[in-house]
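K.L.:
Quick one: the structure is below, and I'll ask about it shortly.
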Amino acid sequence: MPIMCMKLALFAAVIAGCLLAANGRVLLQSDGDLVQGQVSAGVDQACSIKSDGALFCWGLNAKGQLGDGTNSSRSTPTSVAGNATWMQISAGYHTCGIKKDGTAFCWGDNDYGRLGDGKKVGRTIPSAIAGVGAWTQISAGGVHGCGIKVDETAWCWGFNDGQVGDGTAIDKSIPTAVAGGGSWMQISNGEYHTCAIKIDETLLCWGRNTEGRLGDGSTSDQLLPTSVAGGGTWKLVSAGRAHTCGIKTDGTAWCWGSNQYGALGDGKGKEEGSNSTTPQLVLGGLKWLQVDAGSSSSCGIASDRKGWCWGWNGKGELGDGTSGTWKSEPVALYAPGITWSEISTGFGFACGITNAGMVACWGSNTYGQLGSKGPDANSAQKVSGNGTWGLAAESDTSGMSSEAPIGAIIGGVVGGIAIIAAVTSGLIIHRRRKAAANINAASTVKADSANGRPAPGLEDSAAVLSMSTMNKSSDPVLQWIASQPKQDSGISMRFSSSSYAIPDHLKALEFAWDDARILKPLGVGSFGDVYLAELHHSPVALKLLFDAKAAVTAVNSASTAAGLSNNNAQPVNNPSMASTDALVKEVCVMAPLRHQNVALLVGYCMNPPCVALEYASRGSLFDVLQNGNTDSAVAAELTWRRRLAMAADAAAGMLHLHTRAPPILHRDLKSPNLLVAADWTVKVADMGLSKLMDEANRDSAVTTGGAANPRWLAPEVLNGDNTTAAADVFSFGVVLWELLTWKLPWSDTPTVWNIVGNVLKGGRPALPPRAELPGLKPSDNLDAYTALIQRCWAQEPSARPDFNSIASELRALQSV
């Protein structure tokens, strides 16, 4: 079960970890960038808090655990009822949270009194926990709940097999004090057990002890808190379904209890006798900032802020790009370049907040618990919606720097508690860096060479979505589409009819053309016009998958010949349009591709054929590099280290494609088909669409801007051979050259046919002298990078490396 806690410590009279400022706001302690209690993966639902304190949940809602006043499950975040500002959230079988004033609420199923409101009636909206006093921490377990108040007392309620910790096995519908007294700093609930750390950093557990989940060296249930075996001092604990994990003050991670499928991370699992009644060291030699125990898996964040998981992986819940094979030692999340602020492990899935303020989930998506429509995912997928997630831990002391040590002595809550501020040493409240721009927040568009319009700056997402709907009469393509009969009108646009049934699991991705609000054109892609649009309140890049301008010409020609106006023209077949069959095939390929370096398919439209992709606000890599030549601000951002990261992103995306079963070949890898998000993450796009368009336009000639652009193509492809994985690697070599030079490949070669001839003879774009290369510092070492370029674009396909090797080499170069 996810830990819903914050690291707490007592420095003199200071309660560090949950502070109440003069306005009553709870201030969360962070460890560097780490702030806990902002995202929670429960049994089949997840919740997270946005930077403004708004709380959203998604997933299964059969018992009202999403808190939106309904029992309808949601595959995208839905606002919790009440419009409150929240400070901490915890999801289990039910859900609980703490508001900014220190009041605590729970919602969902209420059998056994697990909501703590004195009733046993389920709630679909937050219900206040009974009693007085402000809360600093809360944890929703299986069928019980627990929390810590500002006076450091621990309380539990709900089903009681001993997990309430009051010395009885009687259920409690209101908070009941944990026996033994003392001051507590962190608490975590499992399915039927509870663990907590006292101020003196000792760790105790109580409740059901099947498989040894209490860690006391036995399997006997305990009605009272009992010390975990081995002693030591602890800074964090997480109680899962039937196992528990924790971190000692030396940064080592330990787990105990059920070890089915390697959930303890000790290299064992599944075999008889692998369960442990005492803490076992998690292997890997890492120092840990956070661990979180789930159902049969665990995840954590190491000291470098990278994410790791271990245990059962049936639905991809380890997030390492694989599914079905359990791991008994930590494996890295497949999220190149991503650092994490918090990770929460649920039942068959997990979610986390990145240090850039993005929420991503992975694993089972049976009930929409990944926060977006689609199949299960074995790597981190961005949750739908805009905005920055996670509260910054900050003080209200004006004029104080974000790194200044501050503290507070808490005597109570405003409206019932007096607040006294005091300065202490050793406690840092970190003000989390906000993302420079939301991933979907803005647009960078190339200057229009025809009218000299400059590229606009980055806009926030609110600005994007507040744009006026584009006047379709000013765009001949949109005007033509609008003039065509609708799908259900009896005579729809005459695209080739499909002989393929759309798989049921993809039908939810289909949208009607009229559902998209067109905001402005973004340009012309390899396969058709591209528009910025709003779809279901999110910005998307809407790509038409047919030669729309040819369609307009065909209609206008037919209209002229028949003496009709455009408005009265009958639909005509256009031989250059992509067939609906091909679109269905392509969507079937693209929809399962859920990787942070592959452009996410948001949806598709059958009539006209188009796809909606996540909107990458900086445009294509080609756009970015060309802007670097003319815009000093962009050039300053394109440091060598950043370009290495961008290359590594693209390689990771291509590795994801090539390691699918069967492998997916891109066929048209080039800088215009690599998209750049606001945070500079690169995403591979238009994979496989070249084949679709080649079939639709097989009579067309090779052009410099089309899908068969020879500037990036391998010699064997130019010679008529079939595309292979090695051909994609050749194209990637040219992209690496672009990242080094910021130039268009073969820009000094007069014709397409000259380019083809040069490549077939072994010619390559020239590598300029170092002094002519942009954006370099004297300390930047290029030798290994240029050697990689030359291996990627080797004449013989067998001499080229694969993307696994390329990605590894680029990661190594980043660390130099």
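Sequence positions in the sequence shown follow our numbering and run 351 to 1166. The beta-carbon is built from N, C-alpha and C at its ideal position, and this holds for glycine as well. These numbers come from a predicted model, not from an experiment.
(1) Among the candidates T704, A700, P629, G644, whose CA atom is the shortest distance from the CA of D654?
(2) Less than 7 Å separating the Cβ of A730 from some heavy atom of the ligand NAP?
(3) Considering Cα atoms alone, identify which of A589, R424, G617, L564 is closest to V340.
(4) Can the beta-carbon of I479 be found less than 8 Å from the beta-carbon of S440?
(5) Under 7 Å Cβ to Cβ from A858, same chain only, skipping five residues before and after it: list those, please.
(6) Within 10 Å of its beta-carbon, does G581 have 16 or more other beta-carbons around it, so buried, or fewer, so exposed?
(7) Can you tell me whether I1105 is buried or exposed? The criterion is at least 16 other CB atoms within 10 Å of its CB, across all chains shown.
(8) Compute the Euclidean distance between the alpha carbons of A1157 and V1084, then round it to the nearest angstrom.
(9) G481 and G458: beta carbons closer than 8 Å?
(10) What is the residue span of the beta strand (DSSP E) that E884 lies within?
(11) Using a Cβ distance threshold of 8 Å, determine whether the segment 969-988 contacts the segment 1058-1075, with at least three qualifying pairs required.
(12) With the cut-off set at 8 Å, would you say Q572 and W584 are in Cβ contact?
(13) How many Å lie between C496 and S694 at the Cα?
(14) Ignoring anything shorter than 3 residues, give me the beta strand (DSSP E) runs that lie fully in the segment 396-481, in order along the chain.
(15) Pick out whichever of S390, N947, G978 has its Cα sitting closest to the Cα of L963.
(16) Any idea if N411 is buried or exposed, counting beta-carbon neighbours within 10 angstroms, 16 or more meaning buried?
(17) Where does N788 fall in DSSP's three states?
(18) Taking a contact to mean a Cβ-Cβ separation below 8 Å, would you say D642 touches G634 in this structure?
(19) Ends of the alpha helix (DSSP H) at L1163?
(20) Can you name the residues that DSSP bridges to A579?
(21) Could you check where the beta strand (DSSP E) with D642 kicks off and where it finishes?
(22) Just how far apart, CA to CA, sit L1117 and L1110?
(23) Using DSSP with H/G/I as helix, E/B as strand and the rest coil, what is A946?
(24) As a quick exercise: from L885, G1003, R464, pick the residue whose alpha carbon is nearest that of K413.
(25) Indicate the three-state DSSP secondary structure (helix, strand or coil) for I1139 in the structure shown.
(26) Starting from N1104, trace the beta strand (DSSP E) both ways and give me its first and last residue.
(27) Could you tell me the alpha carbon to alpha carbon distance between T576 and G492, rounded to whole angstroms?
(28) From which residue to which residue does the alpha helix (DSSP H) around K857 run?
(29) Suppose the cutoff is 6 Å on Cβ atoms and the five residues either side in sequence are ignored; what does the same chain contact list for A1051 look like?
(30) For the alpha helix (DSSP H) containing H593, list its first residue and its last residue.
(31) Could you give the distance in angstroms between the alpha-carbon of L547 and the alpha-carbon of G517?
(32) State the start and end residues of the unbroken beta strand (DSSP E) segment that holds M535.
(33) For P1022, which three-state DSSP category applies?
(34) From the beta carbon of I549, is the nearest beta carbon of chain B less than 8 Å away?
(35) From S1021 to V1032, what does the alpha carbon distance come to, in whole angstroms?
(36) Name, in chain order, the residues that DSSP records as bridge partners for G713.
P.N.:
The answer reads as follows:
(1) Taking the first residue of the sequence shown as position 1, residue 654 is located at position 304. Of the candidates T704, A700, P629, G644, the one whose C-alpha sits nearest the C-alpha of D654 is T704.
(2) Questions concerning the ligand NAP fall outside what the structure shown contains, since it holds no ligand whatsoever.
(3) Given that the chain is displayed from residue 351 to residue 1166, the structure contains no residue 340 and the question cannot be resolved.
(4) Residue mapping note: residue 479 aligns to position 129 of the sequence shown, counting from 1. Residue mapping note: residue 440 aligns to position 90 of the sequence shown, counting from 1. Cβ atoms of I479 and S440: not closer than 8 Å.
(5) Numbered from its first residue, the sequence shown carries residue 858 at position 508. Result list for A858: K723, in chain order.
(6) What you label residue 581 is simply residue 231 of the sequence shown in a count that begins at 1. By the 10 Å Cβ count, G581 comes out exposed.
(7) In the sequence shown, counting from the first residue as 1, residue 1105 sits at position 755. Label assigned to I1105: buried.
(8) Position 807 of the sequence shown, counting from 1, holds the residue named residue 1157. Position 734 of the sequence shown, counting from 1, holds the residue named residue 1084. Straight-line Cα distance between these residues: approximately 16 Å.
(9) Taking the first residue of the sequence shown as position 1, residue 481 is located at position 131. Taking the first residue of the sequence shown as position 1, residue 458 is located at position 108. It is not a contact, given that the beta carbons lie outside the stated cut-off.
(10) Taking the first residue of the sequence shown as position 1, residue 884 is located at position 534. Membership of E884 in the beta strand (DSSP E) is indicated by the continuous run 879-885.
(11) Contact fails: fewer than three Cβ-Cβ distances are below 8 Å.
(12) Taking the first residue of the sequence shown as position 1, residue 572 is located at position 222. Taking the first residue of the sequence shown as position 1, residue 584 is located at position 234. No, the Cβ-Cβ distance between Q572 and W584 is not below 8 Å.
(13) Position 146 of the sequence shown, counted from the first residue, corresponds to residue 496. Position 344 of the sequence shown, counted from the first residue, corresponds to residue 694. For C496 and S694, the gap between their C-alpha atoms comes out near 18 Å.
(14) Listed in chain order, they are 405-409, 424-429, 436-441, 445-449, 454-458, 473-478.
(15) Here residue 963 is taken as the residue at index 613 of the sequence shown, counted from 1. Ranking the options by Cα distance to L963, first place goes to N947.
(16) Along the sequence shown, read from residue 1 onward, the residue named residue 411 stands at position 61. Counting Cβ neighbours within 10 Å, N411 comes out buried, since at least 16 surround it.
(17) Within the sequence shown, the letter at position 438 stands for residue 788. Because the pLDDT at N788 is just 29, under 50, the model does not fix this residue reliably, and the value given afterwards should be weighed accordingly. If DSSP states are grouped into helix, strand and coil, N788 belongs with coil.
(18) If you number the sequence shown from 1, residue 642 lands on position 292. If you number the sequence shown from 1, residue 634 lands on position 284. Judged by their CB atoms, D642 and G634 are not nearer to each other than the 8 Å cut-off.
(19) Position 813 of the sequence shown, counting from 1, holds the residue named residue 1163. From DSSP, the alpha helix (DSSP H) with L1163 extends over 1153-1164.
(20) Counting from one through the sequence shown, the residue named residue 579 turns up at place 229. Answer is none; A579 lacks a bridge partner.
(21) The residue labelled residue 642 in the question sits at position 292 within the sequence shown. Element bounds for D642: 638-643.
(22) Along the sequence shown, read from residue 1 onward, the residue named residue 1117 stands at position 767. Along the sequence shown, read from residue 1 onward, the residue named residue 1110 stands at position 760. A direct Cα-to-Cα measurement between L1117 and L1110 gives close to 18 Å.
(23) The residue labelled residue 946 in the question sits at position 596 within the sequence shown. Per the sequence shown, the amino acid found at residue 946 is Gln instead of Ala. If DSSP states are grouped into helix, strand and coil, Q946 belongs with coil.
(24) The residue labelled residue 413 in the question sits at position 63 within the sequence shown. Closest option to K413, Cα to Cα, is R464.
(25) Here residue 1139 refers to the residue found at position 789 of the sequence shown. Three-state result, I1139: helix.
(26) For the purposes of this step, residue 1104 is identified with residue 754 of the sequence shown, where counting begins at 1. In the DSSP assignment, N1104 falls outside any beta strand (DSSP E) and lies within the alpha helix (DSSP H) extending over 1102-1110.
(27) Working through the sequence shown from its first residue, we reach residue 576 at position 226. Working through the sequence shown from its first residue, we reach residue 492 at position 142. Straight-line Cα distance between these residues: approximately 20 Å.
(28) Position 507 of the sequence shown, counted from the first residue, corresponds to residue 857. Run containing K857: 854-857, per the alpha helix (DSSP H) assignment.
(29) Numbered from 1 along the sequence shown, position 701 holds the residue referred to as residue 1051. Residue confidence is low: A1051 scores 31 on pLDDT, short of 50, so the model does not pin down where it sits. No coordinate-derived value is stated.
(30) Within the sequence shown, the letter at position 243 stands for residue 593. Run containing H593: none in the alpha helix (DSSP H); it sits in the beta strand (DSSP E), 593-598.
(31) Here residue 547 refers to the residue found at position 197 when the sequence shown is read from its first residue. Here residue 517 refers to the residue found at position 167 when the sequence shown is read from its first residue. For the record, residue 547 in the displayed sequence is Ile; it is not Leu. The straight-line gap from Cα to Cα measures roughly 18 Å.
(32) Counting from one through the sequence shown, the residue named residue 535 turns up at place 185. 534-539 is the span of the beta strand (DSSP E), which, as asked, contains M535.
(33) Counted from its first residue, the sequence shown places residue 1022 at position 672. P1022 falls in the helix class under three-state DSSP.
(34) Although the question refers to chain B, the structure presented lacks it and comprises just one protein chain.
(35) Position 671 of the sequence shown holds residue 1021. Position 682 of the sequence shown holds residue 1032. A straight line joining the alpha-carbon of S1021 with that of V1032 spans about 10 Å.
(36) The count along the sequence shown starts at 1 and reaches residue 713 at position 363. DSSP, once it has assigned bridges, lists F699, A727 as partnering G713.
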